[in-house]
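**Q** Please see the structure below; I have some questions.
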Amino acid sequence: MKTKKKWIKKPSLTIQVLIGAMAGIVVGYFSKTVGLQLEIFGTIFMNLIQMIIIPLIFPVIILAIVNISDTKSFGKVAGKSFVYFFSVTTGLIILSILAGKWTAIGSHFEAGNMTTESLDGIASGIDFQTFFLSIVPSNLFQAFADGNLLPILFFGVLLGLALVSIGEKAQPVISFFESWSQAMFKMIDYAISFAPIGVFGFLAYDIAAYGIGNLFSLGQFVLFTYVAFAVVVFVIFPIIAWLFHIPYFALLKTIGDLVLVVFTTGSSSVVLPSLIDRLKKYGVSPAVSSFVTPLGYSFNLNGACVYISLATMFIVNMYDVTLGLGEIIALVLFLTIVTKGIATVPSGAVVVLLAAATQLGLPAEGVALMVSVDFFINMGRSAVNVIGNALAPVIIAQTEKELAYGKTRVQMAKELK
284 MKTKKKWIKK PSLTIQVLIG AMAGIVVGYF SKTVGLQLEI FGTIFMNLIQ MIIIPLIFPV
344 IILAIVNISD TKSFGKVAGK SFVYFFSVTT GLIILSILAG KWTAIGSHFE AGNMTTESLD
404 GIASGIDFQT FFLSIVPSNL FQAFADGNLL PILFFGVLLG LALVSIGEKA QPVISFFESW
464 SQAMFKMIDY AISFAPIGVF GFLAYDIAAY GIGNLFSLGQ FVLFTYVAFA VVVFVIFPII
524 AWLFHIPYFA LLKTIGDLVL VVFTTGSSSV VLPSLIDRLK KYGVSPAVSS FVTPLGYSFN
584 LNGACVYISL ATMFIVNMYD VTLGLGEIIA LVLFLTIVTK GIATVPSGAV VVLLAAATQL
644 GLPAEGVALM VSVDFFINMG RSAVNVIGNA LAPVIIAQTE KELAYGKTRV QMAKELK
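Plus 283 on top of the position in the sequence shown (first one is 1) and you've got the numbering used here.
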């Protein structure tokens with residue numbers, strides 16, 4: 284008599300990542316030597332993802348422009364995207380500054396004898412002329428080599444518009460990019476399957492290298508920041524989604540495992556290609572998801588806006604600096620502008636925070652204090668960035684009647700008439 288073999292069901296990616304994260308924390312905490320050596324696994328995982336990001340995003344942007352098919356439609360989508368990005372980020376900056384002022388976060392913290400050693404090698408501000416000039420690349424291949432997303436997006440948009448303008452002659456090139464992007468998505472699947480091991484190596488190294496002492500010493504700020512992140516994710520985003528009739532928590536469920544990967548690695552770029560693909564499955568048209576999502580990675584960093592605003596107010600309160608209405612308005616305008624350049628600047632969040640502190644005449648030592656716990660906050664900051672950049676394309680698609688979530692093809696056809 285034959286007996287049926289009972290196969291153990293393979294855990295979901297979310298469970299695998301959680302197991303990897305817990306194992307990494309344990310190993311890094313109890314064995315510093317082993318934890319430091321395990322960095323190689325995290326590095327390999329990051330390299331796998333980064334190797335694919337640019338070769339994927341470039342054709343995806345081109346195909347998005349081609350699929351939008353006409354410049355009027357492209358202009359509408361781009362215009363709506365920028366209005367949404369600036370409205371949401373500015374609103375979050377205002378709310379975060381007011382929360383920091385109202386709670387007086389940092390006012391009871393003893394600065395002590397802090398040094399600026401942790402700021403060595405980090406720029407002290409953002410050169411706006413350089414930032415805007417970098418969008419138009421003088422050497423496209425250099426932009427590819429540097430992984431600079433904005434000039435690649437710019438060139439991809441122009442190439443997409445050019446392909447649309449030449450009509451049928453562009454079809455061979457379009458077919459090539461379609462096949463290429465599909466191959467890149469498959470490679471992303473391979474890389475993401477390595478995520479549990481990569482997360483294990485990341486956390487083992489980070490805990491071994493930095494420990495958890497800094498987290499406890501600045502626990503008030505870290506906890507307050509995570510409460511703010513939670514308010515954004517579970518209160519503000521749902522309200523925005525409700526206004527546009529978006530099933531927000533269904534969206535969260537759709538991208539939940541990707542958010543967990545981002546949280547444990549502290550890098551939102553790790554899931555960018557997968558996020559675009561997941562939004563398509565949620566019902567966002569390929570044209571909108573492929574265009575708005577990568578654009579949001581440069582202009583819609585909601586988590587970073589919240590963090591920088593709160594960190595600035597922490598330093599302001601720590602040094603007992605009083606900000607009047609005029610200074611607060613100026614700070615809001617300043618942060619609204621400079622946070623749009625974070626993605627192109629190394630250690631971007633720290634650079635913007637340092638620039639804000641300089642504008643307010645605050646000591647650099649206060650920024651150095653924030654850097655000491657940046658690893659712990661970066662995880663939540665990156666996760667909020669990704670959730671915000673998942674919501675944005677869904678909303679733009681809804682306004683363009685390009686969202687098919689829960690709708691049949693017949694319903695979509697009626698709406699488009």
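Heads up, the beta-carbon is just placed ideally off N, CA and C, and yes, glycines get one too.
1) Would you identify the three-state DSSP class for Val656, choosing helix, strand or coil?
2) Kindly give me the distance between the Cβ atoms of Gly304 and Val482, rounded to whole angstroms, as I take these residues to be in contact under 8 Å.
3) Taking the straight line between their C-alpha atoms, what separation do you get for Leu346 and Phe357?
4) Could you say which of Ile340, Phe485 and Gly325 lies nearest to Gly430 if we only look at CA atoms?
5) Ignoring anything shorter than 4 residues or poking outside the stretch 284-350, list the alpha helix (DSSP H) runs there in chain order.
6) Expressed to the nearest angstrom, what Euclidean distance is found between the alpha-carbon atoms of Ser592 and Ala361?
7) Would you say the stretch 657-675 touches the stretch 362-378, given that touching needs at least three Cβ pairs under 8 Å?
8) How long is the line joining the alpha carbons of Thr627 and Thr641, rounded to whole angstroms?
9) Identify whether Val567 lies in helix, strand or coil by the three-state DSSP scheme.
10) Kindly list the residues whose CB is nearer than 7 Å to the CB of Tyr688, restricted to its own chain and excluding five residues on each side of it in sequence; keep chain order.
11) Within the stretch 503-545, note down every full alpha helix (DSSP H) run reaching 4 residues or more, in order along the chain.
12) Which one of Ile344, Thr316 and Val317 has the shortest CA to CA distance from Ser573?
13) In the DSSP output, which residue or residues are listed as bridge partners for Leu686?
14) How should Gly494 be labelled, buried or exposed, when 16 other C-beta atoms within 10 angstroms of its C-beta is the threshold for buried?
15) Can you look up Val621 in the DSSP assignment and give me helix, strand or coil?
16) What's the gap between the Cα of Ile336 and the Cα of Ser552?
17) Buried or exposed: which applies to Asp403, given that a residue is buried once 16 or more other Cβ atoms fall within 10 Å of its Cβ?
18) Do you know offhand how far Leu296's Cα is from Ser448's?
19) Ala639: which of Met662, Cys588 and Ala666 sits nearest, CA to CA?
20) Taking all protein chains shown into account, decide if Ile298 is buried (16 or more other Cβ within 10 angstroms of its Cβ) or exposed.
**A** Here's the rundown:
1) Three-state DSSP puts Val656 in coil, outside helix and strand.
2) A small correction: the amino acid at residue 304 is Ala; Gly does not occupy that position in the sequence shown. For a cut-off of 8 Å, the C-beta gap from Ala304 to Val482 is around 5 Å, short enough to register as a contact.
3) The alpha-carbon of Leu346 is positioned some 12 Å away from that of Phe357.
4) Of the listed residues, the one whose Cα sits closest to Gly430 is Ile340.
5) Correct list: 296-313 and 315-320.
6) Put simply, the backbone Cα of Ser592 is about 27 Å away from that of Ala361.
7) With the cut-off at 8 Å, the stretch 657-675 and the stretch 362-378 touch.
8) Residue confidence is low: Thr627 scores 48 on pLDDT, short of 50, so the model does not pin down where it sits. No coordinate-derived value is stated.
9) In the structure shown, the three-state DSSP call for Val567 is strand.
10) Excluding residues within five positions, the ones whose Cβ falls inside 7 Å are Pro530, Tyr565 and Gly566.
11) Entirely contained in the stretch 503-545, the alpha helix (DSSP H) runs reaching 4 residues are, in chain order, 520-526.
12) Among Ile344, Thr316 and Val317, the Cα nearest to that of Ser573 belongs to Ile344.
13) In the DSSP output, where bridge partners are listed per residue, Leu686 has Val567.
14) Taking every protein chain shown into account, the CB of Gly494 has fewer than 16 other CB atoms within 10 angstroms, so this residue is exposed.
15) Helix at Val621.
16) Taking the straight line from one Cα to the other gives about 8 Å.
17) The predicted position of Asp403 is uncertain, since its pLDDT is 49 and thus under 50; a value taken from the coordinates is nonetheless stated next. Counting the other Cβ atoms within 10 Å of the Cβ of Asp403 gives fewer than 16, which makes it exposed.
18) Annotation: Leu296 to Ser448 spans about 43 Å, alpha carbon to alpha carbon.
19) That would be Cys588, whose Cα lies nearest to the Cα of Ala639.
20) Ile298 comes out exposed.
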